[in-house]
Structures are given as C-alpha cells and as structure tokens.
Amino acid sequence: MLFNSYQFMFVFLPVTLALFFLLGRFAARDMAVGFLALASVFFYAWWSPIYILLILGEVVFSFLVGRQLERTDLSNRARRLILTAAIALILVVLGYFKYVNFFLGIVNDTAGTDWSLGLIILPLGISFHTFQQIAYLVDAYRRSAKHYRLIDFCLFVTFFPQLVAGPIVHHNEAIPQIRQPGFLKPRAINILVGLSLFGLGLFKKTVIADTLAQIANPAFAAAHAGADLTLVEAWMGALAYSLQLYFDFSGYSDMAIGLARMFNIRFPANFHSPYKAVNIADFWRRWHMTLSRFLRDYLYIPLGGNRHGTARQLANLLLTMLLGGLWHGAGWTFIIWGALHGAFLVVQRLWSGFCKGRGFALPRPVGWLITMLVVMVAWVYFKAVDVATAHSVLASLVGASGFGLKTPNLPDLPLDGWPVILIAGLIATLAPNSTEIFRRYAPTLKLVTLTRRHLGRYERYLEWRPVAGWALAAGLVTTAGAVAILGWQSEFLYFQF
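Position 472 (the sequence shown) corresponds to 472 in this note's numbering; numbering is contiguous.
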C-alpha cells in the first residue's frame, strides 16, 4: 500500500486514526497500542503478506536478545558473544534476501559456474528495520537502552509511517513518546500539522517528482538501450533525476513525518535542503540524516572515527561510505556511488586541512556549484541499471556524442523539459524547506539545530499557521497531489531499498 494511493489516503489512514483514538479513549492502553501495531502489520502485509512472520520473528528475536544483553549477572564476554551472534544472524537474513544473488553472480563470472537461488523477493523495508534493531541491540549491550515492554517495542519497529523507507528512528526517540499518556489522545494541532505536511509531501511526489521522472526515465532508458544521448539529453536526464530523487525523498519524508505527527509522534528530521549544501560533508548532514547518523554512530565511530590519525580517519570514511552504498542496493552501481562519496569526503577533508590556518576558503557559491556537480555525477551511477549505462550518460555529459542541442531520443518531453527542471531547481535551492515552514509547531525532533537560519523578510510569509488561508492553501496543494495520481501512480524511489 503506497502513501500516494487512494486506498491508503481515504480508507486505511482515516479508519486507523479514528479507531486508534477511540480505543485510546474507551479501552485499555495496551489495546490501543496493540491495535496500531496490528494495523501497521496489515499495512505491511498489503505489500508482501508472505513476510509477516519474518518481520514479527525479527521483532521478538531482537526484543528477547536485548533482554539478555541488559542482564547484570552475565559477564561482558558472554554479552559480547550474544551481541555478535545476534547481529550476525540479522545480517545473514538481510544478506540472503538482498545480496546473495549479487555475490553468486560475482562467483559465477569469476569461476565460470552457473549457481542460482532463483528469484528472491526483497521483503519491504528490511534494510531500514534491520538498522533499527541493530541500533537497539548495540545500545542494550552498552546498557544505554531502557527496559521496554514487548508491545511498545513491536509498535516502534512496525509503526507504518516509517516501516518501508524510514526515517531510521531510534528506539529512545520513539518508545518514550509511545509511553506518554498524551499518546492516546487526539490533538487538533498535531492532526492539522500532520495533514498539512502530508499534503505538501504528496504534492512534491506526485506533481513534481513524477513529472521529472518523465524526463529522467526515458533518458536513462535510451542510454541503456544503446542510444548515444546528445549533450542536451544527457544534462536533462542527469539534472531531472537529481531533482526527481530530491523531491521524491523529500516528499516521502514529509508524508512520513506528517503521518506520525497525526498519531502524536515526532520523528527526527531526515531531509534538510541538501541541495543548499556548500560542501560534501554539509550535504551528508542534510541528506538522509537518520542514515548518516546510524553510519556515524554504529559504524564510523566504532571503526575508530578520527581518533587514530589522518590516514585511519580517511580509511574509515571511505569504508563507511562504501558500506553505505552497498546498503542501498546489491549492484556495482551502488558500490561505485558509495565509493565516490567516500572519495569526495576524503578529498574535502584533505582540502579543509590544507586550507586550515592559511586563511583561505572557497567562496560559498563555488563550493555549492562543485558540490552539486559531484553529487549529480554520483547520482548517474545511482540511477543507471548498470555501469555501462552510467558511463554512457557521463560520456554524453561532456560531449562525447557531440554537442547537438536537439533531443531525438526524448520525443515526448513534458513542457519541453527545461522549464520543469528550472522551476524544480529553484524550489530546491532557494525556497524554505518543510522544517522551516512548519517550525512554529516543531515538526521534528531536535528542531533547534535545524532552524538556526533566520528566515528572510519574504520567507516569513511562508511560515505555516492554523488559519483559514493556510487551510485553503494546504487543501489546494493536497487536492493537486491527489488528482495527479490519476495520471500516473508510482512507488517512492527509496521503497526499493
């Protein structure tokens, strides 16, 4: 079931919201919490019912192992063995579904064999809830996880707004909110903020991202089919995909945060104007922020972080981003994408060290332009079906197929392509983001660090308020997003991970 589907918006969501708060008002707390967990499992089952037992089994397994790791009568060595075995088992499950055929393909290509396990359907959201459970187990081992109840832990993992594509919510962010007495009581302001965020995200997805997809998809499909894209076609395809992914993921994040807010839960921010970044480290502080946090806290820092000299620090950065690329998908394109971002971070760290103390720094516009160019180059690998397709597009970007201004491979461009790209680019780089628009009502956790920037004189008029004008605007945006579904309904790009 997609967030941008009519059965979700007009059946599942209103029914679940109403029954949850009715049970919260007239029934025991555990019945309301249990119902919401059950509804979340139903949401999951709508997509892939065969894996219900898998996700529930992982939830119970992680919960029971966490209880063992909390015990004070076990030695640290025993607890470490339990943690290692549990994480290994969880990663084996992830590896089987997501990576086994990729690595079998490498073996077959190397050894000339023909091993195969057949088609393996990837369970929905497995990469996201795997990281959530690993974080919980590690924290339980560190004795920084609280003693949770199974029903609350189950809802934390399965809660439908974040189940399929994040944010990667931390247990100590979600479960304390679930335990609050006010969790079961409807709050008008939370529902209004949530609905407005959901509508804005829907508009970003169905009106902007899906329109850009009609430019990006044909361009990359033509390159994959062997066509030599012209210079204009390559730039249109690469820019359109960069912006499509931006608005697709930004829209999803807004919808997920809005849905959680309707149920009195605040999620951490996951997206904060990454195309305003002035260097690659700044980009990763803004893009998929909860993934960046997980990679930092549970991979980069345990590897040693920056504590063992420059060479070790740079190696840790590169390895972290390589694994981050592999997390996104089983394929050489994702590995190269991760390696590129690791290399970009290494170069930026070395450059910063060189400039430090010399009183020199790149002008911010130059830093922004370089950042956007290297991010776009990496997105070409992220989008391409295979490495050959990516190389074909990149070659066309620098004029390898000529400098023609026509688009023979893209005959059916919406609005001729460029106006759509220009408008989307201006919104992504100049407009206030959702966190800033809704900041009066704290749309996410840890809001202060995100909204330090003072809104400009005219941007203040875009601050959301629960007034008639904003209600009308939100209604129009939501209606436009809902009507756009009639033309073309597509899943979110991050659902594939």
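Note that beta-carbon positions come from the ideal geometry of N, C-alpha and C, so glycine has one too.
- Nearest Cα to A223 within the set L397, V15 and F20: L397.
- Just measuring C-alpha positions, the residue of A256, P302, F8 and V232 sitting nearest L410 is V232.
- Around the beta carbon of H147, fewer than 16 other beta carbons sit within 10 angstroms, so the residue counts as exposed.
- Taking a 10 Å sphere around the C-beta of C355, we find fewer than 16 other C-beta atoms and assign the residue as exposed.
- The beta carbon of L345 lies closer than 6 Å to those of I280 and L317 in the same chain, with the five residues before and after it left out.
- For W46, the secondary structure class from DSSP, reduced to helix, strand or coil, is helix.
- Cα atoms of N4 and G226: separation of roughly 33 Å, rounded to the nearest angstrom.
- Remark: C-beta atoms of Y136 and S62 approach each other more closely than 9 Å.
- Within the same chain, Cβ atoms closer than 6 Å to the Cβ of P186 are found at F21, the five residues on either side in sequence being excluded.
- In the structure shown, the three-state DSSP call for W115 is coil.
- Per DSSP, L36 has no beta bridge partner at all.
- In this structure, F131 is the residue among G404, V477, L369 and F131 with its C-alpha nearest to the C-alpha of E58.
- Boundaries for R149: no alpha helix (DSSP H) harbours it, and the DSSP string shows neither H nor E there.
- In this structure, DSSP gives P411 a state outside helix and strand, which the three-state scheme calls coil.
- Rounded to the nearest angstrom, the gap between the Cα atoms of P432 and A213 is 23 Å.
- With a minimum length of 4 residues, the unbroken runs of alpha helix (DSSP H) contained wholly in the segment 375–429 fall at 387–397.
- Residue environment analysis places F334 among the buried positions, since at least 16 neighbouring C-beta atoms fall within 10 angstroms of its C-beta.
- Counting C-beta atoms within 10 angstroms of its own C-beta, V375 has 16 or more neighbours from the protein chains shown and is therefore classed as buried.
- Exclusion of the five residues before and after S392 leaves A223 as the residues of its chain whose Cβ lies within less than 6 Å of its Cβ.
- Only residues of its own chain outside the window of five on either side were considered, and among them S116, L117, I120 and A330 have a CB closer than 8 Å to the CB of N101, listed in chain order.
- For W287, the three-state secondary structure derived from DSSP is strand.
- Counting the other CB atoms within 10 Å of its CB gives I437 a total of 16 or more, which places it among the buried residues.
- A check of alpha carbon separations from H170 across F12, M9, A442 and F294 identifies F294 as the nearest.
- Assigned with DSSP and collapsed to three states, F271 falls in strand.
- Here DSSP, grouped into helix, strand and coil, assigns L303 to coil.
- Spanning the alpha carbons of N306 and D30 requires a straight line of approximately 45 Å.
- Cβ-Cβ distances below 7 Å link F283 to P274, A277, T371 and V375 in the same chain, with the five nearest sequence neighbours on each side left out; the list follows chain order.
- A residue is called buried once 16 or more other Cβ atoms fall within 10 Å of its Cβ, and V15, having fewer, is exposed.
- Around V41, the same chain offers I52, I55, L56 and T158 as residues with beta carbons nearer than 8 Å, after the five sequence neighbours per side are excluded.
- When the Cα atoms are used, G237 and A216 turn out to be separated by approximately 4 Å.
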